[in-house]
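In this text, residue positions in the sequence shown follow the working numbering: the first is 50, and each later residue adds one. Note sheet for the following structure.
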Amino acid sequence: MSVVTQVNVNPNPIFDAREERDRWAKLARRAGRFRILIMGRANAGKTTILKKICNTTDEPEIYNSEGEKIDRSSIEPTAKRGIHDINNEMIFQSNPGFIFHDSRGFEAGGSDELQNVKRFVSERSKERKLVNQVHVIWYCIPLDDSRPFQHAEDQFFSEVGTGKVPVVVVFTKCEALEHEAVNILEEQGHSFKDAVKGSANYAKKHLQIAHIKLQNYKYQPKGHVYLQEMEKPNTNCKILVECTADVLDSSTLQAIFVSTQQASLEISIKYAIEKTMYQYLKKDMMKEYMSEDTKDFLWMMLKNTMRYFPYWRVCIRWKKSILLLTMTKTDSLWVPGPFLYPNSV
């Protein structure tokens with residue numbers, strides 16, 4: 050996996066560490082925690098995703114809008130899903146930096162539930178404090194259903210404009226497409242071995258159809274990801290973390306989300322280098338304030354730092370006023386070499 054990033058260099062060469070520290074302290078006090086609305090039908094695997102994100106197998110604690118803890122048994126029965134309060138907050142003790150809200154799916158509440166979602170997003174958008182706003186929406190669509198896009202999805206993406214709140218569609222249970230493909234190909238006379246080989250193309254075709262479906266809606270999501278076999282202990286949500294960080298327009302929210310999430314160490318490293326370390330590596334700053342010996346020392350420091358991340362290769366170079374940073378995930382260990390040194394292009 051390779052990540053190439055272009056960063057516009059701030060023309061001001063001064064970087065005050067104390068000022069930056071104070072700025073982050075103010076942001077932490079102002080922002081508090083990262084708030085996510087997760088949507089989708091009851092069998093979409095939402096709780097599994099949240100547990101993966103928070104790195105836990107425990108159930109979340111639930112609080113009402115007054116901050117009072119709610120007895121889970123009073124809201125979990127299927128018969129009560131339709132009257133679930135979207136304003137309730139779900140918090141996992143393994144990562145209390147996240148606050149989750151669950152729409153509980155439109156199939157239970159019908160049009161009333163859709164109106165509740167509209168009202169919830171609208172009211173949260175008007176909140177003056179950042180901590181009380183909804184920062185992103187994850188809409189889960191399971192692909193083990195013969196009709197992944199149902200009336201609820203058509204309604205939401207056709208009628209609900211979420212304003213500045215980005216929506217990420219999470220296609221879940223993608224492995225079901227390959228299982229379905231194997232059965233179909235075997236019925237057509239293919240051997241099991243050949244059916245397994247051909248199942249990937251079948252799944253890819255149907256994923257493309259799902260993507261095209263999203264593009265035809267009035268209110269398109271800002272991003273989408275595909276997840277599979279999330280019930281297995283060795284799977285993770287790194288791709289969802291990366292997509293969510295990318296769709297956030299606010300650098301403040303982006304920093305809060307990346308620092309809060311526990312699913313991907315790599316993305317924390319990536320953003321630490323992109324958003325912070327590059328401040329010390331500005332071309333203008335180095336040219337005006339540093340000697341050649343200091344530059345060499347700084348690059349040696351970076352090279353030695355990356356030894357602690359042996360499966361990542363990092364290359365930084367400048368093109369005019371743009372800092373180009375490339376991070377490549379490898380499958381084998383490596384020894385930092387001279388390619389780490391910046392080149393003028």
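We put the CB at the ideal spot given by N, CA and C, even for glycine. Computed from a prediction, not measured in an experiment: that's the story for all the values here.
query, result
"Can you name, in chain order, every residue of its own chain whose Cβ lies under 6 Å from the Cβ of tyrosine 251, other than the five neighbours on each side?", "Ala230"
"Go ahead and pull the three-state DSSP assignment for tyrosine 268.", "coil"
"Looking only at its own chain, which residues have a Cβ that is under 7 Å from the Cβ of histidine 95, when we skip the five neighbours before and after it?", "A small correction: the amino acid at residue 95 is lysine; histidine does not occupy that position in the sequence shown. Correct list, in chain order: Ile87, Gly89, Asp151, Cys189."
"Tell me the residue span of the alpha helix (DSSP H) that contains threonine 293.", "287–296"
"Can you tell me the Cα-Cα spacing of glycine 217 and aspartate 243, whole angstroms?", "For the record, residue 217 in the displayed sequence is valine; it is not glycine. One C-alpha to the other measures close to 35 Å."
"Suppose contacts are defined by Cβ-Cβ distances below 8 Å. Is asparagine 285 in contact with alanine 312 by that definition?", "yes"
"I need the DSSP call for isoleucine 98, collapsed to helix, strand or coil.", "helix"
"Can you tell me whether phenylalanine 198 is helix, strand or coil according to DSSP?", "coil"
"Helix, strand or coil for phenylalanine 206? Go by DSSP, reduced to three states.", "helix"
"For threonine 105, which residues of its own chain have a beta-carbon under 6 Å away from its beta-carbon, when the five flanking residues on both sides are left out?", "Phe141, Ser143"
"Suppose contacts are defined by Cβ-Cβ distances below 8 Å. Is phenylalanine 220 in contact with leucine 289 by that definition?", "no"
"Measure the C-alpha to C-alpha separation of proline 109 and serine 160 and round it to an integer number of angstroms.", "27 Å"
"For the alpha helix (DSSP H) holding threonine 221, just list the boundary residues, first then last.", "That residue, threonine 221, is in no alpha helix (DSSP H); its beta strand (DSSP E) goes 216–221."
"Just the C-alpha distance for leucine 179 and isoleucine 148, rounded to the nearest angstrom, thanks.", "13 Å"
"Within a Cβ cutoff of 7 Å, which residues of the same chain sit near glutamate 176, ignoring the five residues on either side of it in sequence?", "Gln182"
"Go ahead and pull the three-state DSSP assignment for tyrosine 360.", "Only weak support is given to the placement of tyrosine 360: the predicted model assigns it a pLDDT of 47, under 50, and the value that follows is read from those uncertain coordinates. Of the three classes helix, strand and coil, the one that applies to tyrosine 360 here is coil, per DSSP."
"For the beta strand (DSSP E) that histidine 150 lies in, which residues bound it at each end?", "147–151"
"From glutamine 264 to glutamate 235, what does the alpha carbon distance come to, in whole angstroms?", "33 Å"
"The alpha helix (DSSP H) spanning leucine 276 covers which residue range?", "Premise fails: leucine 276 is in no alpha helix (DSSP H) and is neither H nor E."
"Using only the alpha-carbon positions, how far apart do valine 307 and glycine 272 sit?", "17 Å"
"Once you ignore the five residues that flank glutamine 257 on each side, which residues in its own chain have a CB closer than 6 Å to its CB?", "none"
"Residues in the same chain with beta-carbon distance under 6 Å from lysine 287, minus the five sequence neighbours each way, listed in chain order, please.", "Ala312, Ser313"
"Run through DSSP, which three-state label would leucine 172 get?", "Residue identity differs from the one stated: residue 172 is glutamate in this sequence, not leucine. Three-state result, glutamate 172: helix."
"In whole angstroms, what is the alpha-carbon distance linking serine 39 and proline 145?", "Because the chain in this structure spans residues 50 to 394, residue 39 falls outside the shown range and cannot be described."
"Rounded to the nearest angstrom, what separates asparagine 136 and isoleucine 261 at their Cα positions?", "32 Å"
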